[in-house]
Amino acid sequence: MKIAIIKEPDTAESRVAGTPDTVKKLMTRGFEVCVETGAGVASAISDTDFEAAGASIAKNASSALKDADVVLAVRRPDTLVKHFKSGAVLVCQLDPYGHEEALQRFADAGVMTCAMELMPRVTRAQVMDVLSSQANLAGYQAVIEASHTYGRALPMMMTAAGTVPAAKIFVMGAGVAGLQAIATARRMGAVVTATDVRPAAKEQVASLGAKFVAVEDDEFKAAETAGGYAKEMSKEYQAKQAELVATHIAKQDIVITTALIPGRPAPRLISASMVEAMRAGSVIVDMAVERGGNCELAKPGEIVMHQGVLIVGKLNLAGEIAATASQLYAKNLAAFVEILVKSEEDSLHVSLADELVTAVTVTREGAIVHPQFQPKEANA
Numbered sequence: 001m002k003i004a005i006i007k008e009p010d011t012a013e014s015r016v017a018g019t020p021d022t023v024k025k026l027m028t029r030g031f032e033v034c035v036e037t038g039a040g041v042a043s044a045i046s047d048t049d050f051e052a053a054g055a056s057i058a059k060n061a062s063s064a065l066k067d068a069d070v071v072l073a074v075r076r077p078d079t080l081v082k083h084f085k086s087g088a089v090l091v092c093q094l095d096p097y098g099h100e101e102a103l104q105r106f107a108d109a110g111v112m113t114c115a116m117e118l119m120p121r122v123t124r125a126q127v128m129d130v131l132s133s134q135a136n137l138a139g140y141q142a143v144i145e146a147s148h149t150y151g152r153a154l155p156m157m158m159t160a161a162g163t164v165p166a167a168k169i170f171v172m173g174a175g176v177a178g179l180q181a182i183a184t185a186r187r188m189g190a191v192v193t194a195t196d197v198r199p200a201a202k203e204q205v206a207s208l209g210a211k212f213v214a215v216e217d218d219e220f221k222a223a224e225t226a227g228g229y230a231k232e233m234s235k236e237y238q239a240k241q242a243e244l245v246a247t248h249i250a251k252q253d254i255v256i257t258t259a260l261i262p263g264r265p266a267p268r269l270i271s272a273s274m275v276e277a278m279r280a281g282s283v284i285v286d287m288a289v290e291r292g293g294n295c296e297l298a299k300p301g302e303i304v305m306h307q308g309v310l311i312v313g314k315l316n317l318a319g320e321i322a323a324t325a326s327q328l329y330a331k332n333l334a335a336f337v338e339i340l341v342k343s344e345e346d347s348l349h350v351s352l353a354d355e356l357v358t359a360v361t362v363t364r365e366g367a368i369v370h371p372q373f374q375p376k377e378a379n380a
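The opening position of the sequence shown corresponds to residue 1 in the working numbering, with each subsequent residue numbered one higher.
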């Protein structure tokens, strides 16, 4: 069976869905691996590196995709759907929410699509959890970006020329990205505080040496789904939390926001008035800018200055450290492929009985099969 690893059509995407290590692993399972030329260049992986691992190199996307049974990608390759053979399986971050038309095109082409961001957060799936692996790196990179933009030292320094106070960093959202941001900021010597609507986050924040900031009422105590995600809070709670946060933000040097709710626009956490209360030279890094942003003034792909405050809306933070991000992402995908298909078969045999495969499958056999993304009339 043939696995194709493509070069991302979006030139802004620096990651790649395979590495020499994962190519070797897949080949030991009986797969033939074909890599589109230049696929790994932005992640510091040359065609020669892939060839040394045993992969063949295709001159372009159509050649790589020809007769491919499984296609590995970082993002949904809309422009390449015509090159997929009917019955092929696409494994990537599908970004299915709000893109039903694109999903339908893959369904019409007979492509089975697997959205890795829908992977359940259960023990068996941890090695396949692309959201966690990439968010972890994004949280780290957010602090690096904040430090660079801030233009001052983060740790306290006592020198003969005087004392430099430690920077105050506030992390909003203590999921995977937020916790890594807290840990990184602490390692760099900042004074760190954090907030989250999930009660379990309080202990996690404290364990990293940061102080927890939140309105801890009854709604707060029940603000977590069974899957470990944050629930959307009531307007009343949001108002109380906003008041507390506004007072706290005004005293901070750097604020990093990470709040996202799957399938919904990013919750608005920082208003223009909150930004205006911050000191000139302060920095906000909005990690949710791709989904509308947590900060009212954030703009995707831009650094905005508002009354002296710099608001960083950088896209694809994990992609800023592409070599490391690709290493982890490729391992996530390779682990999933092992349960997805039976490599001892001469033809593609998808393990549809596996609960993890079922959970991430969006299109199959010419239709959108995932209940969250089916046309409304299909759910009526």
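Using N, Cα and C, we set each Cβ at its ideal position, and we do this for glycine too.
Where the alpha helix (DSSP H) through residue i begins and ends
i: E236; result: K235 to I249
i: M27; result: P20 to T28
i: D49; result: D47 to A52
i: V176; result: V176 to R187
i: S62; result: A61 to L65
Residue i vs residue j beta-carbon contact at 7 Å
i: M274; j: A246; result: yes
i: V205; j: A174; result: yes
i: E36; j: A58; result: yes
i: M116; j: R364; result: no
i: G293; j: Y97; result: no
i: G164; j: S132; result: Looking at the sequence itself, residue 164 is Val, so the reference to Gly does not match. Not in contact: V164 and S132 (Cβ atoms no closer than 7 Å).
i: T195; j: A210; result: no
i: L65; j: V91; result: no
i: I303; j: V312; result: yes
i: K235; j: V215; result: no
i: K7; j: G38; result: yes
i: V369; j: L118; result: no
i: A330; j: T48; result: no
i: D108; j: L348; result: no
i: F170; j: V283; result: no
One or two residues paired with residue i in a DSSP bridge
i: R364; result: A367
i: D286; result: T257
i: F170; result: T193 and V255
i: G263; result: Beta-bridge pairing links G263 to no other residue.
i: S56; result: C34
i: V164; result: M157
i: V350; result: V341
Integer-rounded CB distance, given that residue j should sit under 8 Å from residue i
i: A138; j: A298; result: With a Cβ gap of about 15 Å, A138 and A298 do not count as contacting.
i: S43; j: R15; result: 6 Å
i: A167; j: L154; result: 5 Å
i: D95; j: R76; result: 6 Å
Delimiting residues of the beta strand (DSSP E) encompassing residue i
i: L208; result: Here L208 belongs to no beta strand (DSSP E), and DSSP marks it neither H nor E.
i: A70; result: Reading the sequence as shown, one finds Val at residue 70 and not Ala. Taken as a continuous stretch (DSSP letters only), the beta strand (DSSP E) holding V70 covers V70 to R75.
i: A194; result: V191 to T195
i: V33; result: E32 to E36
i: K384; result: Outside the displayed range of the chain (1 to 380) lies residue 384, so it cannot be described from this structure.
Interface flag, residue i vs chain C, CB-CB below 7 Å
i: F106; result: Any reference to chain C falls outside this structure, which holds one protein chain only.
Can you list, in chain order, the stretches of the beta strand (DSSP E) that have 3 or more residues and sit fully within the segment 78–155?
89–93 and 112–115
Which ranges does the alpha helix (DSSP H) cover as unbroken runs of at least 4 residues, wholly within the segment 272–341, from first to last along the chain?
272–276 and 322–340
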